[in-house]
Amino acid sequence: MKMSKHKIVMKMSTDTSKVEVKSKFDAEFRRFSLERNAVVKFEEFKALLKDLHNLSDITFLVSYIDPSDQDLLPINNDDNLRRAILNAKPLLRVFIQRKGDSLEELNGYGTMRSQRNLISSILGGTPGRTKALTISNPHDFRQVSAIIDVDIVPKDYLRVRLHKHGSDKPLGFYIRDGTSVRVTQNGLEKFPAIFISRVVPGGLAESTGLLAVNDEVMEVNGFKVAGKTLDQVTDMCIANSSNLEITVIPANKRMVAPVRRGSYSRNSQQSYQSTGSHTTGGSDQDDQDEIVDLTKVPPDGSIRDDEVLHL
316 MKMSKHKIVM KMSTDTSKVE VKSKFDAEFR RFSLERNAVV KFEEFKALLK
366 DLHNLSDITF LVSYIDPSDQ DLLPINNDDN LRRAILNAKP LLRVFIQRKG
416 DSLEELNGYG TMRSQRNLIS SILGGTPGRT KALTISNPHD FRQVSAIIDV
466 DIVPKDYLRV RLHKHGSDKP LGFYIRDGTS VRVTQNGLEK FPAIFISRVV
516 PGGLAESTGL LAVNDEVMEV NGFKVAGKTL DQVTDMCIAN SSNLEITVIP
566 ANKRMVAPVR RGSYSRNSQQ SYQSTGSHTT GGSDQDDQDE IVDLTKVPPD
616 GSIRDDEVLH L
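If you count the sequence shown from 1, position 187 lands on 502 in the numbering used here, and the numbers rise without skipping.
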């Protein structure tokens, strides 16, 4: 009998292709297994838990114990479900709670304090601690952006990584071509450049707060955009849209040409509100920036003409 038990334990420990899951709801436990390398959707996983625990009429939250630090983390999308399955060593402990029953949702973090009665409030005394803000569990537990290579890129550059996580949501910004003024051995010279012309409200780029209008695009996933056309830069961004690394010079860090007496020069604030390139000198129409009506967006959400492209 001992020999057979030993054999069963050894067989289960050597089967690394499956993950054993132990789910708990109130005082009820269920056990089942999942393929470790299988693509499991969160909605399918939630439906399985609903059937196992008969939760058809109950709204519930799903969380798990992280084996590395024993933290209770939420499972509410495909990404953190996949992370929970990969980190299971060897058992994935899943906890199911009714929505509204968790202490975080009821009280928030650090909000437990005694209540003062009417007499104590009249007599005064030591005031109670101010109630902290209620912080609930995150509903979208995933990284969407990051600032990277801060010790590699020049100090005036900013390299940003945007994560789409397989969604069809666009990157949420427009780019256009223009001219950039730079300091060379011969003085100030104009060079063709690519700029961010508009950031879509509610889009991925706008939600990160790392990209802004008139930022000059220098690199896309390590490839320099100097000498490339607007269409080529657009293709580079689309090809790497699932994990885009874009290097820019922020508009507030770009060089502004000094104002000379008797001439006209736009400063960074004026350029930020209109277009993107810093120009100096007279009234040559070739130096004027084209203004494109961006309010009339086609139904498919894409804009494409000679000057502006939507990503």
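Glycine is no exception: its CB is placed at the ideal position from the N, C-alpha and C atoms.
The residue among N395, E350 and K414 with its C-alpha nearest the C-alpha of D341 is K414. Taken through DSSP and simplified to helix, strand or coil, Q547 comes out as helix.
Take the alpha-carbon of T523 and the one of L486: they are about 11 angstroms apart. If you check the CB distance, R474 and E534 come in under 9 angstroms. Counting only the Cα atoms, P507 lies some 17 angstroms from N501. Under the DSSP assignment, S522 falls outside any beta strand (DSSP E), being part of the alpha helix (DSSP H) whose first and last residues are L519 to T523. Judged by DSSP in its simplified three-state form, N558 adopts strand. Here K356 carries a coil assignment [DSSP, helix/strand/coil].
Sequence-distant Cβ neighbours of R513 in its own chain, meaning closer than 7 angstroms and more than five residues away, are F488, Y489, V528 and L609. Pairwise C-beta distances place the stretch 341-351 out of contact with the stretch 374-382, as fewer than three of them are shorter than 8 angstroms.
In the three-state reduction of the DSSP assignment, A527 falls in the coil class.
T562 and A520 have their C-alpha atoms roughly 13 angstroms apart. For L396, the enclosing alpha helix (DSSP H) begins and ends at D393 to N402. Here E350 is exposed. Its C-beta has fewer than 16 other C-beta atoms within 10 Å. In the DSSP assignment, V514 falls within the beta strand (DSSP E) that extends over G502 to V514. The C-beta distance from S338 to L370 rounds to 11 angstroms, too long to fall under 8 angstroms, and the pair is not in contact. Following the DSSP letters along the chain, one finds Y489 inside the beta strand (DSSP E) bounded by residues F488 to T499. By the 16-neighbour rule on beta-carbons within 10 angstroms, Q412 is buried.
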